[in-house]
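Q:
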Amino acid sequence: IAGITQAPTSQILAAGRRMTLRCTQDMRHNAMYWYRQDLGLGLRLIHYSNTAGTTGKGEVPDGYSVSRANTDDFPLTLASAVPSQTSVYFCASSPSGRNYEQFFGPGTRLTVL
Amino acid sequence: GDSVTQMEGPVTLSEEACLTINCTYTATGYPSLFWYVQYPGEGLQLLLKATKADDKGSNKGFEATYRKETTSFHLEKGSVQVSDSAVYFCAYRNTGTASKLTFGTGTRLQVTL
Chain P
333 IAGITQAPTS
343 QILAAGRRMT
353 LRCTQDMRHN
363 AMYWYRQDLG
373 LGLRLIHYSN
383 TAGTTGKGEV
393 PDGYSVSRAN
403 TDDFPLTLAS
413 AVPSQTSVYF
423 CASSPSGRNY
433 EQFFGPGTRL
443 TVL
Chain E
3 GDSVTQMEGP
13 VTLSEEACLT
23 INCTYTATGY
33 PSLFWYVQYP
43 GEGLQLLLKA
53 TKADDKGSNK
63 GFEATYRKET
73 TSFHLEKGSV
83 QVSDSAVYFC
93 AYRNTGTASK
103 LTFGTGTRLQ
113 VTL
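Protein chains in written order, with the numbering used here: chain P, 333 to 445; chain E, 3 to 115.
See below:
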């Protein structure tokens, strides 16, 4: 069982380019999340999905979009990357309900030049 | 609004010293509380959790007690090891449609011989 996989592991991207970060889970969790981690700011929620077919905005959604066509996959797209989107991106999943922890992927380190 | 405040790091300790990392939260309702650990170059892993008042979470020698009266969830360990060097994040998860995690900014722990 792999848990959560993310791809790519790292990427350097020119500003203005489009980029999709991939996330796949094999635990059949209903909920999935995208966070960005920046030094001194902890993790901030970008977008989430409570179940396949639904998505919602987190704290910092501007410049990002997501889709949830099925239970397993939750891609994050940067339509036109900017340097302020340089960060480490973590995908997470969990069963629904407040008592459950979230399981995190290994992260994608993205640098926008 | 809802938030988590944890002590700033870095915290530097000698091996076998006692550790306390303070965490307080501001939230409505009855959230579940979590401590996550992030080792260098890795994603976040759940360290321990508590889902109701007075519960004590424990794992790998670490403990934290859910104190609703002081809205705190301090992380403690009686004798730290070099292998405990990592960044520790306090987080809570509340009820609601998003049921997302709200994180503190993280505390870096460095344990030396």
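Heads up, the beta-carbon is just placed ideally off N, CA and C, and yes, glycines get one too.
Given the structure is predicted, the values throughout are model-derived calculations rather than measurements.
Classify G437(P): buried if its beta carbon has 16 or more other beta carbons within 10 angstroms, exposed otherwise.
A: Result: buried.
Q: Can you list, in chain order, the residues of its chain with a C-beta nearer than 7 Å to that of S87(E)? Leave out the 5 residues immediately preceding and following it.
A: Excluding residues within five positions, the ones whose Cβ falls inside 7 Å are L111, Q112 and V113.
Q: Does the beta-carbon of A346(P) have 16 or more other beta-carbons within 10 angstroms, so that it is buried, or is it exposed?
A: It counts as exposed.
Q: Under 8 Å, with one C-beta from each stretch per pair, do the stretch 400-415 of chain P and the stretch 376-388 of chain P reach the 3-pair mark?
A: The stretch 400-415 of chain P vs the stretch 376-388 of chain P: in contact.
Q: Sort Y367(P), T443(P), P427(P) and A413(P) by Cα distance to G446(P) and report the nearest one.
A: Lying before the first or after the last residue shown, residue 446(P) is absent from chain P, which here runs from 333 to 445.
Q: Return yes when the Cβ of G395(P) is within less than 8 Å of the Cβ of L410(P), no when it is not.
A: It is a contact, given that the beta carbons lie within the stated cut-off.
Q: Within the continuous beta strand (DSSP E) that includes D370(P), where are the two ends?
A: First-last of the beta strand (DSSP E) with D370(P): A363 to D370.
Q: Between G63(E) and F91(E), how many whole angstroms is the CB-CB distance? I'm expecting something under 8 Å.
A: In fact, because the Cβ distance is near 18 Å, the residues do not count as touching under 8 Å.
Q: Would you call the stretch 416-432 of chain P and the stretch 72-88 of chain E in contact, with 3 or more CB pairs under 8 Å?
A: Verdict: no, contact absent.
Q: Let's see if you can read the secondary structure: which residues bound the beta strand (DSSP E) around Q434(P)?
A: Note, Q434(P): premise wrong, no beta strand (DSSP E); not H, not E.
Q: For L77(E), which residues in chain P fall below 7 Å Cβ to Cβ?
A: Per Cβ cutoff of 7 Å: no residues; L77(E) is ~15 Å from chain P at best.
Q: Leaving out five residues on either side along the sequence, give the residues of the same chain with a beta carbon under 8 Å from the beta carbon of G45(E).
A: None.
Q: Of the residues D57(E), G59(E) and L48(E), which one's Cα is nearest the Cα of F105(E)?
A: Nearest option by C-alpha distance: L48(E).
Q: Just grab the DSSP bridge partners of Q417(P) for me.
A: Note: Q417(P) sits in no beta bridge, so no partner.
Q: Counting only beta-carbon separations shorter than 8 Å, does T99(E) have a partner in chain P?
A: Since pLDDT at T99(E) reaches only 49, below the 50 mark, its modelled position is unreliable, and the value read off the structure follows with that caveat. By this cut-off, T99(E) is an interface position.
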